[in-house]
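Report on the structure given below.
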Amino acid sequence: MWLKDLLPFDLPNARILTYGYDAHVYGDESVSTQTIFRHAETFAGRLSQQRKEHPEFDSDHKFRDIAISTRAVLFFGTPHSGANGVLLAEWMRRVLSVYMPTTNEILKHLDRDSPVLEEIGAQYRLASERIDNVFFYEEYPTPIARGMKTLIVPRPLATIEGDHKAKVVLLHEDHRQMVKFMGKDDESYCTVIGYLRDIVADASLKVQEKWVQEYGHRNLAKGKLPATQHVVLPKPLLSVSRNYIQRPHTENQLTEKLLSVTPTRNQPRCVLHGLAGGGKTQIALSWIETHKQRIVVIDASSQQQIEADLETAIRSIGPQYSRATWKDAIAYFSGQEGWLFFLDNADSPDLRLDNYFPTSIHGAILMTTRNYECINYAPDCHIAVGKMRENEAIHLLHAVANVTPSSNDSSLAIVKELGMWALAITQAGAYISKTGRLDTYLPTFRKHRDKLMREASLK
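Going by numbering that gives the first Met the number 0, the first residue of the sequence shown is number 0, and it counts up by one from there.
Shown next as structure tokens:
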């Protein structure tokens, strides 16, 4: 084991702790029923327990302390966006379940584009803003069964979407051999230890800098220092889907209305409206990602959630706002410039959303909704988001299905059958990516329409 046999010689001052968990899907007597989240919670709890004897252990910040003291994290073939071969593994598990105890608690969340993995990735990206990440991925297919081989976690699946400062590194191994180094001269080990040495070289300084800032924040909370802090709005913005296809016409309309170069007497506002599945939120996220601003992210699905998100926005500015209300948030941003309120899922006809708009004309409002009446909040900029254009729909289908057919005839027939709706096309692409067949999709879809769409929506 390289952590025990190799690493201590190259990093002699390192303390090396190991932790493992039961990830087996079958066993002779019993198997773990813990989910990915439960395994993570157990690990964090054990690590926190180990730190209790540290003289500066603070039970009020026990997990935050760990994050601040972390310089970097190295991932080896970690399926952040799922893994290939999961369907085969699940099939084998079901066969074995006839003879012995099995579990699918981990397997069921490892499929590609898993919502659970997307949520974990989003949470980690937020928690690791000041942590350097290194993603190692495999070069060669791994034998899985009956002579078959596959890249289990190729590069696109081994990274966390949206982490633009991370390093992504190829190891000349298959998935099983990624961390089974033969010796200190092993090429892959030399690659890994090179990154570790660079991280260790400035780890003390980087962590110390983070702690200086953290102690400053904590002293502010105790009233020991003047309350001068940079505005930081911590609620994370969702990432644009890796399968998102640009809708330039709509995004250009948003730019024209929300970032107008001509003076205006009215607050810039724009409403994206349409039926579910048209891609309203993805269009908004893509536009926001391109035009970075001070974003206030608001889940506008209910009054309670709107007010909670506004409270989060104002209280995260600094300890001096620790008791501020949502009304204080509106007052604060009414005196600021350059902000964007992004109200997503503003579907309820019972809410008066303009009660939650700052009064300043030096910010902007962007809203997504299924409620057509919401266009009254932005009479001069309401954009109907509906069917995709043919070229956009075909491009989306091919991207999700991971196919490059020589002719678009079958693809065009599919997207037309699905009404050019982004969500339906995405679901079709996910199904085709598993079968590898464009030509058989429509007959199958027409025969099992309800079942196919229901299964795809659960992925």
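Ideal Cβ positions, reconstructed from N, Cα and C, are used throughout, including at glycine.
Coarse secondary structure for residue i, derived from DSSP in three states
i      : result
TYR194 : helix
ASN370 : coil
ASP349 : coil
ILE15  : coil
LEU10  : coil
VAL270 : strand
TRP420 : coil
LEU169 : strand
ARG445 : helix
ARG293 : strand
PHE332 : helix
GLU137 : strand
THR77  : coil
PHE180 : coil
ASP131 : strand
THR280 : helix
VAL72  : strand
LEU395 : helix
ILE360 : coil
HIS38  : helix
THR158 : coil
Classification of residue i by the beta-carbon crowding that lies within 10 angstroms, buried from 16 upward
i      : result
ASP467 : Outside the displayed range of the chain (0 to 458) lies residue 467, so it cannot be described from this structure.
MET177 : buried
ASP438 : exposed
PRO114 : exposed
HIS174 : buried
ALA13  : exposed
CYS487 : Residue 487 is absent from the model: the chain starts at 0 and stops at 458.
MET419 : buried
GLN303 : exposed
LYS51  : exposed
ASP64  : buried
LEU457 : For LEU457, the predicted model reports a pLDDT of 49, less than 50, meaning its position is unreliable and no value from the coordinates is stated.
ASN375 : exposed
GLU40  : exposed
PRO7   : exposed
TRP90  : Residue confidence is low: TRP90 scores 45 on pLDDT, short of 50, so the model does not pin down where it sits. Its coordinate-derived value is still stated next. The residue in question, TRP90, is exposed, as its Cβ has fewer than 16 Cβ neighbours within 10 Å.
LEU395 : buried
LEU417 : buried
VAL94  : With a pLDDT of 45 at VAL94, under the threshold of 50, the modelled position of that residue is not reliable, and no figure is offered here.
LEU253 : buried
TYR430 : buried
Cutoff 6 Å; reference residue i; Cβ partners in own chain excluding five residues on either side
i      : result
ARG293 : GLY337, TRP338
LYS446 : none
GLU250 : TRP286
TYR194 : VAL133
PRO142 : LYS148
TYR355 : ILE305
VAL296 : LYS234, LEU236, PHE341
Beta-carbon proximity of residue i to residue j, cut-off 9 Å
i      : j      : result
PRO267 : CYS380 : yes
GLU186 : TYR139 : no
ALA421 : GLY278 : yes
ALA460 : LEU365 : For residue 460 there is no data in the structure shown, the boundaries of the chain being 0 and 458.
PRO459 : PHE332 : The requested residue 459 does not occur in the structure, where the chain is confined to residues 0 to 458.
LEU441 : ILE424 : no
ASP343 : ASP298 : yes
ILE151 : HIS272 : no
VAL402 : GLY435 : yes
TYR136 : LEU109 : no
ILE198 : ASP131 : yes
VAL270 : ALA377 : yes
LEU156 : ASN83  : yes
ASP9   : ILE192 : yes
SER127 : THR69  : yes
ASP346 : THR368 : yes
LYS256 : LEU5   : no
ALA71  : ALA202 : yes
GLY334 : SER359 : yes
Sequence-distant residues of its chain with Cβ nearer than 7 Å to residue i (five each side left out)
i      : result
ALA328 : LEU309, GLU310, ALA312, ILE313
PRO348 : ASN370, GLU372
THR227 : Its pLDDT being 43, under 50, THR227 is placed unreliably by the model, and nothing is read from it.
PHE75  : PHE135, MET177, VAL178
GLY120 : HIS79, ILE159, GLU160
Spatial neighbours of residue i in its chain, beta-carbon cut-off 8 Å, leaving aside the 5 residues before and after
i      : result
ALA398 : ASN242, ILE244, GLY428
SER259 : PRO267
LEU2   : ILE15, THR17
> Is it true that the stretch 37 to 47 meets the stretch 141 to 152, where meeting means three or more beta-carbon pairs spaced less than 8 Å apart?
Replying inline: no
>> Counting beta carbon pairs with one atom in the stretch 386 to 399 and one in the stretch 287 to 306, are three or more of them shorter than 8 Å?
In response: no
> Within the chosen definition, does the stretch 155 to 166 reach the stretch 238 to 245 through at least 3 CB pairs nearer than 8 Å?
Replying inline: yes
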